[in-house]
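FYI, in numbering that gives the first Met the number 0 the residues of the sequence shown are 0 to 441.
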Amino acid sequence: MATTAERYDALLRWVEDDGGSLNPAVEIYHDETTKGSFRVKDSCSIGVDEIIVTLPLSKSLSYLNAIDGHPDFASSSTPNGLKREDGIYFPTEFLKKTPPHVVGRFFLMQEYILGPKSKWWTYIRTLPQPEHMSNILPAMWPSDDIEFLRGTNAFDAIHDIKSTLKKEYKQAMKLLPESYHLEYTRPLYHWAYSIFTSRSFRPSLIIPAGTSLSLPCELDDFSVLLPLYDIGNHSPLAKIAWTTDEQTQVCTLRSRQTYSAGEQVFNNYGMKTNVELLLGYGFILPEHESLHNDYVHIKTKADPDAGDLAATHVVSLRPMGHQSSFVGRSRLLSADSMSCLPCFSHIQDTLIAALYETITRGAEETSDTSLNDIMRGDIPGEVLRKIIDSLGSKLSIDLEDIEVNEPEYEAVNRNQQLALRYREQCRKVLENALRSLLAGDG
Numbered sequence: 000m001a002t003t004a005e006r007y008d009a010l011l012r013w014v015e016d017d018g019g020s021l022n023p024a025v026e027i028y029h030d031e032t033t034k035g036s037f038r039v040k041d042s043c044s045i046g047v048d049e050i051i052v053t054l055p056l057s058k059s060l061s062y063l064n065a066i067d068g069h070p071d072f073a074s075s076s077t078p079n080g081l082k083r084e085d086g087i088y089f090p091t092e093f094l095k096k097t098p099p100h101v102v103g104r105f106f107l108m109q110e111y112i113l114g115p116k117s118k119w120w121t122y123i124r125t126l127p128q129p130e131h132m133s134n135i136l137p138a139m140w141p142s143d144d145i146e147f148l149r150g151t152n153a154f155d156a157i158h159d160i161k162s163t164l165k166k167e168y169k170q171a172m173k174l175l176p177e178s179y180h181l182e183y184t185r186p187l188y189h190w191a192y193s194i195f196t197s198r199s200f201r202p203s204l205i206i207p208a209g210t211s212l213s214l215p216c217e218l219d220d221f222s223v224l225l226p227l228y229d230i231g232n233h234s235p236l237a238k239i240a241w242t243t244d245e246q247t248q249v250c251t252l253r254s255r256q257t258y259s260a261g262e263q264v265f266n267n268y269g270m271k272t273n274v275e276l277l278l279g280y281g282f283i284l285p286e287h288e289s290l291h292n293d294y295v296h297i298k299t300k301a302d303p304d305a306g307d308l309a310a311t312h313v314v315s316l317r318p319m320g321h322q323s324s325f326v327g328r329s330r331l332l333s334a335d336s337m338s339c340l341p342c343f344s345h346i347q348d349t350l351i352a353a354l355y356e357t358i359t360r361g362a363e364e365t366s367d368t369s370l371n372d373i374m375r376g377d378i379p380g381e382v383l384r385k386i387i388d389s390l391g392s393k394l395s396i397d398l399e400d401i402e403v404n405e406p407e408y409e410a411v412n413r414n415q416q417l418a419l420r421y422r423e424q425c426r427k428v429l430e431n432a433l434r435s436l437l438a439g440d441g
């Protein structure tokens, strides 16, 4: 059986065969902490604007590969180099009635089932395998491990994810012949979901814009796996650039900062809070003096369809305007909101604005009130009192949920330890926000 290092070496050669590359000063490094990552080799360095990875789009894997060359999708063109070679297609009804992101997962399942016969096998065997699925993402954890998250917003999100996956798989399998049912199992679908969720990229950031003109769906209705490109770990402070040359169909990961020998070279997945990183990638960023990533997401309405955390507001461990609240500052509707009442300092301005709108709905002379007026407290005292009371009530309820659902036994594995770290940070977020509310109220 090939070692991890041998599989990564084979992956690099496979990418290079089509003209891709890894910066010669960078190596693929693997340990139990970072798993696979990019690291600067000894006696080497990376300068500003250096290319880390180049990858031909012919090596990417997505929904596009499932429809490319299909006789019933003849009008759909894909980037040069994504052409199918095996002629193995899912049934037309399945491709047309199944959401593109689900089709992409089934295509990954198909390539896994093909094994060494798959064009992507060299890549697939470097991925976490289905038998290790319980350690990939919280939605795949054993129920005992998920229980350690009870009382946090991650716990509710996990149940939403599991419910969605169940529906997606059931509907998709109805559209496939009986011959598919033995190999295309629910656990394998969960694996494909985990791989796409934790490693894929948004097509509009990678695939040339002209491609979308001939697709049977919106470009971002699915996501794209990029072998080798996806090895870089996340840092919200990493300065990087993703570009794709429309002529050569090669995408490039470029560093906008310097790295010294032995340092890890990071990618940047975007402004994601710890709960988003936990659910989507299976890790959280630790709290440091210079950076924290701890936020609790708050919904303003009980909307059963609003399962996406991106549609919520956040409450921050430290004031939103603090230099360490990197993600928090990026989510403020107005930079002026950093100069707000102390009692609002830990709260995203959109949440304050939503509460103000709810409380004053139907009242006269409120339409001229600006967001800055609201955040500075230049509003009627009665309205300000109601906003503070509403926030205090909601945050207190969320804090009580965490406290009353404290795990009954000690953590005995990595998943449970991670859950405990996450819930402790949620507790600190809510306590700090409540403390600032009470201080401002006093």
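Quick reminder that beta carbons are idealized off the backbone N, C-alpha and C, glycines included.
- Message: Could you compute how far the alpha carbon of Cys216 sits from the alpha carbon of Thr242?
- Response: Within the sequence shown, residue 216 is the residue found at index 217, counting from 1. Within the sequence shown, residue 242 is the residue found at index 243, counting from 1. Cys216 and Thr242: Cα-Cα distance of roughly 23 Å.
- According to DSSP, is His345 helix, strand or coil? By 1-based counting over the sequence shown, the position of residue 345 is 346. Correct three-state label for His345: coil.
- What did DSSP end up calling Leu54 once you bin it into helix, strand or coil? Taking the sequence shown and counting its residues from 1, one reaches residue 54 at position 55. Looking at Leu54 - three-state DSSP - the assignment turns out to be strand.
- Query: For the segment 125-144 against the segment 405-415, are there 3 or more C-beta pairs whose distance is under 8 Å?
  - Reply: yes
- Are the segment 371-389 and the segment 92-109 touching by the rule of at least three beta carbon pairs closer than 8 Å? no
- Task: Tell me, please, which residues DSSP counts as bridged to Gly448.
- Result: Since the first residue shown for the chain is 0 and the last is 441, residue 448 is missing from the structure and cannot be characterised.
- Message: So, for Ile351: in the same chain, excluding its five sequence neighbours on each side, which residues have a beta-carbon less than 7 Å away from its beta-carbon?
- Response: The count along the sequence shown starts at 1 and reaches residue 351 at position 352. These residues qualify, in order along the chain: Phe343, Ile373, Met374 and Ile386.
- Item | Helix, strand or coil at Ser20 [DSSP, three-state] | Within the sequence shown, numbered from 1, the residue matching residue 20 stands at position 21. Residue state, collapsed to three classes: strand.
- Message: Here's a check: name, in chain order, each residue in its chain whose Cβ is nearer than 6 Å to the Cβ of Ala191, leaving out the five neighbours to either side.
- Response: Counting from 1 along the sequence shown, the entry for residue 191 is found at position 192. Result list for Ala191: Arg104, Leu107 and Met108, in chain order.
- Could you please give the first and the last residue of the uninterrupted alpha helix (DSSP H) stretch that includes Trp120? As a first step, residue 120 is located in the sequence shown; it is residue number 121 there, counting from the start. That run of the alpha helix (DSSP H) goes Trp120 to Ile123.
- Are Leu278 and Ala156 closer than 8 Å when you measure CB to CB? Numbered from 1 along the sequence shown, position 279 holds the residue referred to as residue 278. Numbered from 1 along the sequence shown, position 157 holds the residue referred to as residue 156. Their beta carbons are under 8 Å apart, which means Leu278 touches Ala156 by this criterion.
- Message: Can you tell me whether Tyr268 is helix, strand or coil according to DSSP?
- Response: Indexing the sequence shown from 1 puts residue 268 at position 269. It is coil, neither helix nor strand.
- Could you name the residues of the same chain whose beta carbon sits closer than 6 Å to that of Gly150, not counting the 5 residues immediately before and after it, in chain order? Counting from 1 along the sequence shown, the entry for residue 150 is found at position 151. Contacts found: Asp400, Ile401 and Asn404.
- Give the range of the beta strand (DSSP E) segment to which Ala240 is assigned. In the sequence shown, the residue the question calls residue 240 occupies position 241. Run containing Ala240: Ile239 to Asp244, per the beta strand (DSSP E) assignment.
- Report the three-state DSSP secondary structure of Ile401 (helix, strand or coil). As a first step, residue 401 is located in the sequence shown; it is residue number 402 there, counting from the start. Here Ile401 sits in helix by DSSP.
- Are the segment 219-234 and the segment 182-198 touching, with three or more C-beta to C-beta distances below 8 Å? yes
- Message: Shorter than 7 Å, the distance from the beta carbon of Tyr228 to the closest heavy atom of the ligand GTP, or not?
- Response: The ligand GTP is not among the ligands present in this structure, which contains no ligands whatsoever.
- Item | For Phe200, three-class secondary structure by DSSP | Walking along the sequence shown from the start, residue 200 turns up at place 201. Strand at Phe200.
- Message: Using DSSP's beta-bridge definition, name the partner residues of Val274.
- Response: The count along the sequence shown starts at 1 and reaches residue 274 at position 275. For Val274, which the question treats as bridged, DSSP gives no partner whatsoever.
- Task: Grab me the residues of Thr257's own chain with a C-beta within less than 8 Å of its C-beta, minus the 5 sequence neighbours each way, in chain order.
- Result: Locating residue 257 in the sequence shown gives position 258, counting from the first residue. Taken in chain order, the residues that qualify are Ser44, Ile45, Gly46 and Val47.
- Own chain, CB closer than 8 Å to Trp120, minus 5 neighbours either side, in chain order: Taking the sequence shown and counting its residues from 1, the one referred to as residue 120 is at position 121. Counting only Cβ-Cβ distances below 8 Å, and skipping sequence neighbours, we find Glu110, Leu113 and Gly114.
- Query: Is Glu468 buried or exposed, if buried means 16 or more other CB atoms sit within 10 Å of its CB?
  - Reply: The structure shown has nothing for residue 468, since the chain only spans 0 to 441.
- Message: By DSSP's criteria, Ile297 is part of a beta bridge. Which residues make up the other side?
- Response: On the sequence shown, residue 297 is found 298 positions in, with the first residue counted as 1. Beta-bridge pairing links Ile297 to His312.
- Cys425 - DSSP class collapsed to helix/strand/coil: Residue numbering aside, residue 425 sits at position 426 when the sequence shown is read from its first letter. Here Cys425 sits in helix by DSSP.
- Query: Quick one: is Arg12 buried, meaning 16 or more other Cβ sit within 10 Å of its Cβ, or exposed?
  - Reply: For the purposes of this step, residue 12 is taken as the residue at position 13 of the sequence shown. So Arg12 counts as exposed.
- Message: At the 8 Å Cβ level, is Asn412 part of the contact set with chain D, yes or no?
- Response: Here there is only one protein chain, and chain D is not present.
- Item | Selection from Thr368, Leu394 and Ala240 that minimises the alpha carbon distance to His296 | Counting from one through the sequence shown, the residue named residue 296 turns up at place 297. The shortest Cα separation from His296 among Thr368, Leu394 and Ala240 belongs to Leu394.
- CB contact flag (Pro341, Ala438, <8 Å): Position 342 of the sequence shown, counted from the start, is the residue given in the question as residue 341. Position 439 of the sequence shown, counted from the start, is the residue given in the question as residue 438. In contact: Pro341 and Ala438 (Cβ atoms closer than 8 Å).
- Who are the Cβ neighbours of Glu245 in its own chain at under 8 Å, not counting the five residues just before and after it? Against the sequence shown, residue 245 aligns to sequence position 246. Around Glu245: Pro207 and Gly209.
- Query: How many angstroms separate the CA atom of His189 from the CA atom of Ala260?
  - Reply: By one-based count along the sequence shown, residue 189 stands at place 190. By one-based count along the sequence shown, residue 260 stands at place 261. Going from the Cα of His189 to the Cα of Ala260 covers about 38 Å.
- Task: Evaluate Asp229 with the Cβ neighbour count: other Cβ atoms within 10 Å of its Cβ, from every protein chain shown; 16 or more gives buried, anything less gives exposed.
- Result: Sequence index remark: in the sequence shown, residue 229 carries index 230 (1-based). When all chains shown are included, Asp229 counts as buried.
- Determine the DSSP secondary structure at Gln128, reduced to helix, strand or coil. Mapped onto the sequence shown, residue 128 falls at position 129. Residue state, collapsed to three classes: coil.
- Per DSSP, what kind of secondary structure is Ser336 in: helix, strand or coil? Position 337 of the sequence shown, counted from the start, is the residue given in the question as residue 336. Ser336 falls in the helix class under three-state DSSP.
- Query: Which whole-angstrom value describes the C-beta separation of Ile135 and Gly35, a residue pair presumed to lie in contact below a C-beta threshold of 8 Å?
  - Reply: For this step, residue 135 is matched to residue 136 along the sequence shown. For this step, residue 35 is matched to residue 36 along the sequence shown. 13 Å between Cβ atoms; not a contact.
- Item | For Ile449: DSSP bridge partner residues | Given that the chain is displayed from residue 0 to residue 441, the structure contains no residue 449 and the question cannot be resolved.
- Query: Identify the residues that DSSP records as bridge partners of Leu252: which are they?
  - Reply: Numbered from its first residue, the sequence shown carries residue 252 at position 253. Partner(s): Val52 and Trp241.
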